[in-house]
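Numbering (this note's numbering), first residue to last: 390 to 795. Glycine residues also receive a C-beta, built at the ideal position from the N, C-alpha and C atoms. Read through the structure below, which is laid out as structure tokens, and then see the notes.
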Amino acid sequence: MYLIRQSGLPEIINENIDPLEYIDEDVMVEAKAKQVAELLQNSKHAVIYTGAGISTSAGIPDFRGPNGVWTQRETGAKIDHFKPSPYLLPTIAHQAVKTLVELQMVKHVVSTNCDGLHIKSGLNQNQLSEIHGNSYLEVCADCGKNHWRDYAVRNNWSSHKHETGRKCESYRCEGNLLDTIVNFGEDELEGPWNQAVLNMNKADLVIVLGSSLRVRRSCELPVMCLENEGSNLVIVNLQKTPSYDKAKLNVHCRTDDFMGLLFKYLELDIPSYVFDVTYEFGIEKVDDKSRIFVRECGQDKHIASVVDEVLFKVSLGALELDHKMRSRWHETEYQFLIDEPELVTKINVDLMMNFKEKEGVSNICSLEIDPVPSPYFCVKFRIQRDSVTGEMTVERVEEGGFCSIC
């Protein structure tokens with residue numbers, strides 16, 4: 390999968406580009422969505438091409454919008470460096486794309502994004518070409534084995550060095566692991582690029598979602614389908630693109646809104662993505678000391694923390710104790726010592742979760758034990774968060790006695 394990198398400057402299409410964003414009237418978007426639904430139903434080899442615009446509703450900035458990363462950089466504006474978070478969740482559009490692939494209405498997906506949200510949505514890796522890499526994937530330079538992580542693997546954000554500092558976990562290999570991120574001035578990854586070209590050359594319909602189509606070579610992929618007789622190109626993007634005049638339809642609309650309408654005319658439902666995590670919570674004795682703890686557990690235990698801040702509230706009869714902790718990036722266990730666990734009558738833990746905020750929905754998850762069943766105990770709570778509504782549900786899944794660290 391890995392390709393030797395080439396140095397140089399990227400070629401950005403800047404000539405005669407309108408930087409403004411447009412929103413089509415609702416009735417126009419409805420009509421275009423209905424037309425795309427008909428094209429999709431009649432297609433034999435449809436391909437979807439996604440850019441940064443499909444992920445903005447997840448909390449990831451785009452690049453070429455009026456406030457995009459590269460737009461601000463070109464104007465000299467100060468920008469905050471964005472680092473990928475494993476707790477950004479797939480958007481409505483990601484879930485819709487995955488569903489179309491599962492239903493075989495779309496044969497392949499090509500993406501210029503590195504955010505890993507297509508993989509997280511459950512999209513089959515064999516039907517996805519991430520031509521600019523994936524922030525959560527590192528590859529062995531010796532044996533080529535993929536190593537998937539739940540944290541961003543890149544260690545040097547300002548250079549073209551790709552060694553992550555970790556070693557291959559394959560038996561008797563121990564080769565150096567490399568990130569897969571394609572920087573400006575570097576060639577695309579050979580395997581994903583070849584798969585993308587193969588599918589674009591077969592395509593009778595290409596739907597572009599959230600891309601400015603201004604970076605060569607990747608912007609040349611969608612128009613390859615036009616070499617095929619009777620093929621169609623549809624571009625869904627807030628800005629006009631260099632391929633504007635080549636498209637059968639240009640839809641100025643947010644990708645989540647468009648995919649919602651498309652599924653309406655396909656008479657399909659878009660499934661939500663549900664983030665699922667389990668925590669142990671209780672009092673335990675370690676050596677001659679007692680401590681109150683909360684820790685992530687389960688077979689799919691994460692390495693990076695889903696929690697930003699923890700507030701313990703402990704009742705010891707009439708006495709109330711508060712203990713606040715800030716989370717570190719790789720921290721998945723929080724604890725503090727107490728002297729007399731037999732006096733504890735109630736424990737409440739507020740977890741401030743690292744999710745993108747949604748209006749009207751709290752990111753604070755409260756766990757409570759009242760009354761405390763015994764001086765030493767452990768319970769488990771399952772926390773789920775819906776990516777569409779932002780709502781969190783908490784369910785106690787195990788209690789009584791003491792459970793070991795998962």
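Worksheet entry | Close beta carbons around residue 713, own chain, < 8 Å, minus the five adjacent residues each side | Residue mapping note: residue 713 aligns to position 324 of the sequence shown, counting from 1. Excluding residues within five positions, the ones whose Cβ falls inside 8 Å are 698, 699, 700 and 701.
Fill in: Uninterrupted alpha helix (DSSP H) stretches inside the region 619 to 681 (no shorter than 4 residues)
644 to 655
Item to complete: Counting only the same chain and skipping the five closest in sequence on each side, list residues whose C-beta sits under 7 Å from that of residue 414.
Response: Along the sequence shown, one-based indexing puts residue 414 at 25. Taken in chain order, the list of residues that qualify is empty.
Practice prompt. Compute the beta-carbon to beta-carbon distance between residue 498 and residue 516, rounded to the nearest angstrom, for a pair I have assumed lies under 8 Å.
Written response: Numbered from its first residue, the sequence shown carries residue 498 at position 109. Numbered from its first residue, the sequence shown carries residue 516 at position 127. Indeed they touch by this definition, with Cβ atoms about 6 Å apart.
Worksheet item: Which runs of the beta strand (DSSP E), 3 residues or longer, sit entirely within the region 714 to 793?
Response: 722 to 727, 735 to 742, 753 to 758, 766 to 775 and 781 to 787
Worksheet item: Quick one, which of 411, 424 and 418 has its alpha-carbon nearest residue 655's?
Response: On the sequence shown, residue 655 is found 266 positions in, with the first residue counted as 1. Ranking the options by Cα distance to residue 655, first place goes to 424.
Practice prompt. Kindly indicate the opening and closing residues of the beta strand (DSSP E) around residue 535.
Written response: Taking the sequence shown and counting its residues from 1, one reaches residue 535 at position 146. Per DSSP, residue 535 belongs to the beta strand (DSSP E) from 535 to 537.
Worksheet item: If you draw a straight line from the alpha carbon of residue 421 to that of residue 543, how long is it in whole angstroms?
Response: Numbered from its first residue, the sequence shown carries residue 421 at position 32. Numbered from its first residue, the sequence shown carries residue 543 at position 154. So the alpha carbons of these two residues sit roughly 40 Å apart.
Fill in: Enclosing alpha helix (DSSP H) for residue 488 [first to last residue]
Taking the first residue of the sequence shown as 1, we reach residue 488 at position 99. First-last of the alpha helix (DSSP H) with residue 488: 481 to 491.
Discussion item. Using a 10 Å radius around the Cβ and a threshold of 16 neighbouring Cβ atoms, would you call residue 545 buried or exposed?
Written reply: Within the sequence shown, residue 545 is the residue found at index 156, counting from 1. By the neighbour-count rule (16 or more Cβ atoms within 10 Å), residue 545 is not buried but exposed.
Worksheet item: How would you call residue 759, buried or exposed, if buried means at least 16 neighbouring beta carbons within 10 angstroms?
Response: The residue you call residue 759 lines up with position 370 of the sequence shown. Classification of residue 759: exposed, given that the 10 Å Cβ count is below 16.
Practice prompt. Please list, in chain order, all residues of the same chain as residue 618 whose beta carbon is under 8 Å from its beta carbon, the five residues on each side excluded.
Written response: One-based indexing of the sequence shown puts residue 618 at position 229. Around residue 618: no qualifying Cβ.
Fill in: Rounded Cβ spacing between residue 437 and residue 598 (contact assumed at less than 8 Å)
Along the sequence shown, read from residue 1 onward, the residue named residue 437 stands at position 48. Along the sequence shown, read from residue 1 onward, the residue named residue 598 stands at position 209. The pair is a contact, with the Cβ atoms about 6 Å apart (cut-off 8 Å).
Worksheet item: Cα separation between residue 450 and residue 582?
Response: Within the sequence shown, residue 450 is the residue found at index 61, counting from 1. Within the sequence shown, residue 582 is the residue found at index 193, counting from 1. If I take the Cα positions, the gap works out to 24 Å.
Worksheet entry | residue 530, DSSP secondary structure in three states | Working through the sequence shown from its first residue, we reach residue 530 at position 141. If DSSP states are grouped into helix, strand and coil, residue 530 belongs with coil.
Worksheet entry | Pairwise C-alpha distance: residue 410 and residue 631 | Here the question's residue 631 lines up with position 242 in the sequence shown. Here the question's residue 410 lines up with position 21 in the sequence shown. So the two alpha carbons sit approximately 14 Å from each other.
Worksheet item: Where do the ends of the beta strand (DSSP E) carrying residue 435 lie?
Response: Translated into positions along the sequence shown, residue 435 becomes position 46. First-last of the beta strand (DSSP E) with residue 435: 435 to 439.
Item to complete: Go to residue 549, then tell me how far its alpha helix (DSSP H) extends in each direction, as first and last residue.
Response: Taking the sequence shown and counting its residues from 1, the one referred to as residue 549 is at position 160. That residue, residue 549, is in no alpha helix (DSSP H); it is neither H nor E in DSSP.
Item to complete: Can you tell me which of the three DSSP states residue 517 falls into?
Response: Here residue 517 corresponds to residue number 128 of the sequence shown, with the count starting at 1. Strand, per DSSP.
Worksheet item: Are three or more beta carbon pairs between the region 431 to 445 and the region 657 to 669 nearer than 8 Å?
Response: no
Fill in: Residue span of the alpha helix (DSSP H) that contains residue 416, given as start and end
In the sequence shown, counting from the first residue as 1, residue 416 sits at position 27. 415 to 431 is the span of the alpha helix (DSSP H), which, as asked, contains residue 416.
Practice prompt. Determine the burial state of residue 639: buried for a count of at least 16 other Cβ atoms within 10 Å of its Cβ, exposed for fewer.
Written response: Taking the first residue of the sequence shown as position 1, residue 639 is located at position 250. With 16 or more other Cβ atoms within 10 Å, it is buried.
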